[in-house]
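Numbering (my numbering), first residue to last: 43 to 362. A virtual CB, placed ideally from N, CA and C, is assigned to each residue, including glycine. See structure below.
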Ligand code: TXA
Ligand code: MG
């Protein structure tokens with residue numbers, strides 16, 4: 043068990059002593075260490091059982107501080123940063139030597155973001171150092187959107203959990219960068235493609251869907267509950283029910299009620315994608331802890347945050 047509270051002074055002291063602290067953000071909770079402290083960063087990889095080839099995101103409190111650790115010169119990335127930071131956006135930027143290679147897994151770009159959460163911004167200002175933080179879950183499992191989620195799974199690995207309440211967005215940040223003068227999106231997330239398009243015009247989608255762990259970015263199978271999960275349009279989904287009782291996670295108004303075959307949950311009865319994003323990971327955990335034999339998840343429309351939610355569910359359903 044780890045101590046939980048809202049004391050950013052205590053969190054700062056522990057981090058300065060090389061310890062790990064769980065931090066709230068608007069997307070998901072992070073497992074943080076001071077990014078310039080290689081030993082502490084190493085223990086982040088160990089605590090999560092995360093392979094070293096999967097690089098970490100650094101979190102900073104202001105645009106001015108970004109330039110201490112990375113180079114933000116590209117016009118499109120600058121426009122995105124100006125419009126969406128603090129917020130659910132991560133930029134891949136040329137790394138400065140002060141950031142250890144361990145953080146970027148030896149790549150020459152480092153992932154950077156300014157999170158939009160008052161407690162974590164207060165902590166970052168107190169530290170005046172960047173925090174390297176992956177999502178605070180064991181590698182490959184569902185991301186945490188509440189302090190209790192972190193306590194349950196990594197409670198023994200962190201010195202303190204900074205409790206900022208339930209995450210307002212509930213999906214990881216959208217990851218963007220530039221290659222050969224083109225804006226590229228590497229992970230769908232809490233900032234929609236529509237918002238990115240409105241700011242920059244066009245973009246290239248480079249979503250890694252291979253099962254090859256040597257390709258940093260996203261693995262095909264990720265965000266996975268322990269139970270078997272199927273994902274698809276409703277009629278097709280219902281035909282996949284094979285256990286005596288299945289957990290059925292719906293989106294939007296429905297007449298299907300819980301009975302002896304299904305335990306019904308809903309991401310958003312009113313069909314609101316933001317609400318669905320906020321509920322997604324908590325409901326997946328609840329389904330995983332239920333006594334149902336399998337999880338069936340309805341596909342959302344492929345627009346706005348629906349795309350990122352479908353992306354997570356597709357990876358959660360992937361077998362390898
Ligand atoms: O919302 C978020 O981004 C959360 C909160 C805590 O900030 N963090 C998060 O971190 O989702 P993590 O480690 O679970 O996911 C980071 C993703 C990984 O897929 C990683 O491979 C990719 O970012 N990534 C990080 N640095 C990269 C780099 N230099 N090049 C390519 N991909 C990178
Ligand atoms: Mg993660």
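Classify residue i as helix, strand or coil using the three-state DSSP reduction.
i, result
"residue 235", "helix"
"residue 360", "coil"
"residue 353", "helix"
"residue 132", "strand"
"residue 224", "strand"
"residue 273", "strand"
"residue 94", "coil"
"residue 191", "helix"
"residue 216", "strand"
"residue 86", "helix"
"residue 121", "helix"
"residue 318", "helix"
"residue 153", "strand"
"residue 310", "coil"
"residue 283", "coil"
"residue 160", "helix"
"residue 241", "helix"
"residue 341", "coil"
"residue 330", "helix"
"residue 68", "coil"
"residue 257", "Reliability fails at residue 257, whose pLDDT of 47 lies under 50, so the model's placement of it is uncertain and no value is given."
"residue 147", "coil"
"residue 178", "coil"
"residue 168", "helix"
"residue 58", "helix"
Buried or exposed: residue i, going by 16 or more other Cβ atoms within 10 Å of its Cβ?
i, result
"residue 246", "exposed"
"residue 268", "exposed"
"residue 45", "exposed"
"residue 93", "exposed"
"residue 160", "exposed"
"residue 176", "buried"
"residue 255", "Residue confidence is low: residue 255 scores 48 on pLDDT, short of 50, so the model does not pin down where it sits. Its coordinate-derived value is still stated next. Residue 255 should be labelled exposed."
"residue 293", "buried"
"residue 199", "buried"
"residue 358", "buried"
"residue 191", "buried"
"residue 103", "buried"
"residue 193", "buried"
"residue 172", "buried"
"residue 124", "exposed"
"residue 150", "exposed"
"residue 353", "buried"
"residue 286", "exposed"
"residue 284", "exposed"
"residue 224", "exposed"
"residue 140", "exposed"
"residue 222", "exposed"
"residue 345", "exposed"
"residue 249", "exposed"
"residue 128", "buried"
"residue 157", "buried"
Can a CB atom of chain C be found closer than 9 Å to the CB of residue i?
i, result
"residue 187", "Of the protein chains in the structure, only one exists, and it is not chain C."
Would you mind giving the Cβ-Cβ distance between residue i and residue j, rounded to the nearest angstrom? I have them listed as a contact below 8 Å.
i, j, result
"residue 113", "residue 97", "With 8 Å as the limit, residue 113 and residue 97 do not qualify as a contact, their Cβ atoms being about 17 Å apart."
"residue 130", "residue 216", "6 Å"
"residue 89", "residue 73", "6 Å"
"residue 197", "residue 323", "Residue 197 to residue 323, Cβ: 17 Å. No contact."
"residue 62", "residue 75", "6 Å"
"residue 43", "residue 242", "Rounded, the Cβ-Cβ distance is 45 Å, inconsistent with contact."
"residue 226", "residue 218", "7 Å"
"residue 282", "residue 338", "6 Å"
"residue 204", "residue 50", "7 Å"
"residue 295", "residue 313", "7 Å"
"residue 126", "residue 235", "The Cβ separation is near 13 Å, so there is no contact."
On the DSSP bridge list, what partners appear for residue i?
i, result
"residue 304", "288"
"residue 36", "The structure shown has nothing for residue 36, since the chain only spans 43 to 362."
"residue 336", "288"
"residue 137", "112"
"residue 246", "226"
"residue 173", "76, 101"
Item to check | Any heavy atom of ligand 2 nearer than 7 Å to the CB - residues listed | outcome: Output, sorted by chain position: 176, 177, 179, 185, 214.
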